[in-house]
Amino acid sequence: MGLKIAVCGKGGVGKTLVAGVLARLLARDGFKVLAVDCDSNPNLYMTLGIPEEVVKNVVPISEDLDLIERRTGSRPGSSWGSLFRLTPKVDDIPARYSIIGPDGVRLLIMGAPPRAGTGCLCPSYAFVRELVRHIVLYERDVVVMDMEAGLEHFGRSVARGVDLMLGVTEPTERSMLALKRMADMARQMGVGSFWAVLNKVMEDEADWARGKMEESGLDVKAIIPFDRAVLDADRTGISPLDASPDSPAIRALVQLKDLVEEEFA
Ligand SMILES: Nc1ncnc2c1ncn2[C@@H]1O[C@H](COP(=O)(O)OP(=O)(O)OP(=O)(O)O)[C@@H](O)[C@H]1O
Ligand SMILES: [Mg+2]
């Protein structure tokens, strides 16, 4: 179906849970799914159910200095102001550098270019920018991106290629206000659709939170309950989809997956 989904939200709201479970559920329905971990502190592999031993030795793309040097013609951090290619070749990266996990989901660990340090990091930025642009424009089937908190890194050219942004929020005033801002920004940037996803919701908060979101003009497409099983899975390092496939949070995510398929298939 050629669907690009970006999962956004403030820190700790449940972006990785939503991205990881959704990726696997879509894969189970027969879609070829590429999951992209865009967090500088990557942990999507856990939710996808990929063992730590497998990812332990994987260098995030943005930290693979040899690769970036080969493709851009300049080593990040080396000589200041050296010339480099602004549009390096990246089309083979998703296939060559992704790891295959349960249900056949492919995972690409992007990492984030180091922020501090000496020397010019422009080649790293150029490489990651081009790769993300390539993924949202040209990768076929389904792409699910687990984004870093905030939208600042999200360029206009990338936003235009995203069909669906899932904005995850907890049912607190602060988190919901932040989501409203994010939705406005996403719209201005040209993101296709923005769906609000309420997560970690207690039974008696659901109506209030939905009302609040709708007051600010946001479509709430999923209400994921606060679920001990998700926390327990986290502690044991097992994907919640394997540890507790029938838990309330997973059931809510199955409904969200169905909505996504209905809307975009
Ligand atoms: N519905 C839920 N019920 C209970 N705990 C949850 C739920 N959703 C997420 N959590 C827990 O909250 C924590 C944060 O979740 P997660 O890592 O998915 O958030 P995140 O937005 O990706 O965080 P970060 O900004 O650090 O990347 C984890 O410990 C997770 O197990
Ligand atoms: Mg995360």
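Taking numbering that gives the first Met the number 0, the leading residue of the sequence shown gets 0, the next gets one more, and so forth.
For every residue, glycine included, the Cβ atom is placed at its ideal position computed from N, Cα and C.
Three-way DSSP call (helix, strand, coil) for residue i in this model
{"i": "L106", "result": "strand"}
{"i": "S192", "result": "strand"}
{"i": "L85", "result": "coil"}
{"i": "L150", "result": "coil"}
{"i": "L163", "result": "strand"}
{"i": "L25", "result": "helix"}
{"i": "T168", "result": "strand"}
{"i": "K31", "result": "coil"}
{"i": "D36", "result": "strand"}
{"i": "D231", "result": "helix"}
{"i": "D63", "result": "coil"}
{"i": "A205", "result": "helix"}
{"i": "A264", "result": "coil"}
{"i": "L197", "result": "strand"}
{"i": "V143", "result": "strand"}
{"i": "K55", "result": "helix"}
{"i": "V12", "result": "coil"}
{"i": "L217", "result": "coil"}
{"i": "P224", "result": "strand"}
{"i": "I92", "result": "helix"}
{"i": "I49", "result": "coil"}
{"i": "I237", "result": "coil"}
Beta-carbon separation (whole angstroms), residue i vs residue j, contact threshold 8 Å
{"i": "V6", "j": "V219", "result": "About 15 Å separates the two Cβ atoms, so there is no contact after all."}
{"i": "I223", "j": "V196", "result": "7 Å"}
{"i": "E42", "j": "T86", "result": "Glu is not the amino acid found at residue 42; the sequence shown has Asn there. About 30 Å separates the two Cβ atoms, so there is no contact after all."}
{"i": "L217", "j": "A177", "result": "The pair is not a contact, with the Cβ atoms about 12 Å apart (cut-off 8 Å)."}
{"i": "A251", "j": "A221", "result": "6 Å"}
{"i": "K199", "j": "L21", "result": "Wrong, their Cβ atoms sit about 17 Å apart, outside the cutoff."}
{"i": "D226", "j": "A205", "result": "The Cβ separation is near 13 Å, so there is no contact."}
Residue i vs residue j beta-carbon contact at 9 Å
{"i": "F193", "j": "M175", "result": "no"}
{"i": "K3", "j": "G100", "result": "no"}
{"i": "V35", "j": "L106", "result": "yes"}
{"i": "G110", "j": "D38", "result": "yes"}
{"i": "Y44", "j": "I92", "result": "no"}
{"i": "V229", "j": "L24", "result": "no"}
{"i": "H133", "j": "V89", "result": "yes"}
{"i": "G154", "j": "P122", "result": "no"}
{"i": "G10", "j": "D140", "result": "no"}
{"i": "R84", "j": "A125", "result": "yes"}
{"i": "I74", "j": "L64", "result": "According to the sequence shown, residue 74 is Arg rather than Ile. Result yes, Cβ atoms of R74 and L64 sit closer than 9 Å."}
{"i": "I288", "j": "V135", "result": "Limits of the chain in this structure are 0 at one end and 264 at the other, which puts residue 288 out of reach."}
{"i": "D102", "j": "A26", "result": "yes"}
{"i": "V157", "j": "R128", "result": "yes"}
Does the structure place the stretch 238-245 close enough to the stretch 40-48 that three or more beta carbon pairs sit under 8 Å? The answer is yes - the stretch 238-245 touches the stretch 40-48, with three or more Cβ pairs under 8 Å.
Closer than 8 Å is the cut-off here; do at least three beta carbon pairs connect the stretch 137-157 with the stretch 242-252? Contact fails: fewer than three Cβ-Cβ distances are below 8 Å.
Can at least three beta-carbon pairs, one atom from the stretch 185-197 and one from the stretch 30-46, be found at a separation below 8 Å? Counting Cβ pairs under 8 Å, fewer than three are found: no touch.
Between the stretch 48-67 and the stretch 160-177, do three or more beta carbon pairs fall short of 8 Å? No: fewer than three Cβ pairs fall under 8 Å.
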